DNA sequence: GCGACAG
DNA sequence: ATCTTGTCGC
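In our numbering, the protein residues as written are 11 to 256.
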């Protein structure tokens with residue numbers, strides 16, 4: 011691998027815009043060598059949701075993380091950053107389009123969350139390096155993915171009741187789960203990103219699910235970045251009225 | 001060659 | 001992802 015690309019693997023390089031898909035693939039393969047899917051053992055006090063929002067046909071991206079108390083799942087703080095990207099959306103390479111902006115929002119957090127849930131996949135990916143895994147290896151954070159649609163693998167439809175799930179397999183290995191987070195509603199796809207096991211991601215996703223299809227972390231993240239884009243929220247780091255109680 | 005294809 | 005109104009079902 012060229013030295014320039016190797017630097018990009020180990021350094022939070024904020025500009026993936028000039029990469030070719032072939033180079034991006036090399037970076038994913040390199041990052042994969044640093045993946046850790048060992049069980050997560052420490053206690054969880056906070057969990058954040060990460061997401062971005064964009065206007066159609068615009069290179070401007072509104073990224074953000076919303077930190078929730080755990081297990082209460084109440085928003086206690088959030089970080090919003092306006093950035094830009096020209097890297098196109100290519101299935102399998104979402105990380106290169108969204109991570110630079112999310113990384114800025116993450117660095118803006120004075121206290122990092124125990125876990126980060128992404129709107130996208132962890133190892134439920136052709137090269138086991140979805141956006142959650144990519145961000146995890148890059149920063150060392152504990153991450154997991156929650157996607158609304160299947161990206162890779164095969165699975166049998168899980169039961170129709172909330173809490174039921176089915177493994178998603180690819181090339182003989184389980185890479186995630188199709189989870190029914192709400193009865194009679196399409197399942198979401200859960201997978202570990204980094205520093206946690208498949209079982210950890212499944213258990214956490216269910217513990218973060220209330221009455222909606224999307225687990226609270228990603229649901230709030232999606233809502234906040236959207237309100238940011240439409241002007242209802244401002245850029246920067248903020249704490250909610252529940253911060254002190256927490 | 002054909003089908004699949006996170007956001 | 002985003003653009004959009006009504007409408008069907010639990």
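All residues carry an ideal CB built from backbone N, CA and C; glycine is no exception.
Predicted model only: the values in this text are computed from it and were never measured.
Identity of the residues DSSP links to residue i by a beta bridge
{"i": "residue 89", "result": "75 and 247"}
{"i": "residue 166", "result": "In the DSSP output, where bridge partners are listed per residue, residue 166 has none listed."}
{"i": "residue 128", "result": "60 and 155"}
{"i": "residue 70", "result": "94"}
Start and end residues, alpha helix (DSSP H) containing residue i
{"i": "residue 204", "result": "Looking at the DSSP string, residue 204 is not in any alpha helix (DSSP H); the run it does join, the beta strand (DSSP E), is 198-204."}
{"i": "residue 210", "result": "208-217"}
{"i": "residue 144", "result": "141-149"}
{"i": "residue 224", "result": "No alpha helix (DSSP H) holds residue 224; DSSP gives it neither H nor E."}
{"i": "residue 106", "result": "104-117"}
{"i": "residue 42", "result": "31-42"}
Segment limits, beta strand (DSSP E) that includes residue i
{"i": "residue 189", "result": "183-189"}
{"i": "residue 178", "result": "175-180"}
Expected contact under 8 Å - CB spacing of residue i and residue j to nearest Å
{"i": "residue 198", "j": "residue 157", "result": "7 Å"}
{"i": "residue 125", "j": "residue 54", "result": "6 Å"}
{"i": "residue 127", "j": "residue 202", "result": "Not confirmed; about 11 Å, so no contact."}
{"i": "residue 139", "j": "residue 206", "result": "That pair is no contact at about 15 Å."}
{"i": "residue 94", "j": "residue 114", "result": "In fact, because the Cβ distance is near 11 Å, the residues do not count as touching under 8 Å."}
{"i": "residue 62", "j": "residue 112", "result": "7 Å"}
{"i": "residue 104", "j": "residue 130", "result": "5 Å"}
{"i": "residue 119", "j": "residue 75", "result": "7 Å"}
{"i": "residue 85", "j": "residue 252", "result": "7 Å"}
{"i": "residue 145", "j": "residue 29", "result": "Not really, about 16 Å apart at Cβ, beyond 8 Å."}
{"i": "residue 159", "j": "residue 179", "result": "In fact, because the Cβ distance is near 17 Å, the residues do not count as touching under 8 Å."}
Status (buried if at least 16 other CB within 10 Å, exposed otherwise) for residue i
{"i": "residue 229", "result": "buried"}
{"i": "residue 88", "result": "buried"}
{"i": "residue 220", "result": "exposed"}
{"i": "residue 71", "result": "buried"}
{"i": "residue 171", "result": "exposed"}
{"i": "residue 25", "result": "exposed"}
{"i": "residue 108", "result": "buried"}
{"i": "residue 192", "result": "buried"}
{"i": "residue 232", "result": "buried"}
{"i": "residue 51", "result": "exposed"}
{"i": "residue 210", "result": "buried"}
{"i": "residue 96", "result": "exposed"}
{"i": "residue 66", "result": "exposed"}
{"i": "residue 99", "result": "exposed"}
{"i": "residue 242", "result": "exposed"}
{"i": "residue 195", "result": "exposed"}
{"i": "residue 110", "result": "buried"}
{"i": "residue 246", "result": "exposed"}
{"i": "residue 227", "result": "buried"}
{"i": "residue 134", "result": "buried"}
{"i": "residue 204", "result": "buried"}
{"i": "residue 59", "result": "buried"}
{"i": "residue 9", "result": "Outside the displayed range of the chain (11 to 256) lies residue 9, so it cannot be described from this structure."}
Residue i Cβ short of 7 Å to the ligand PLP heavy atom set
{"i": "residue 50", "result": "The ligand PLP is not among the ligands present in this structure, which contains no ligands whatsoever."}
* Asked: Would you call the stretch 59-75 and the stretch 173-183 in contact, with 3 or more CB pairs under 8 Å?
  -> no
* Asked: Taking three-plus beta-carbon pairs below 8 Å as touching, is the stretch 37-53 in contact with the stretch 181-189?
  -> no
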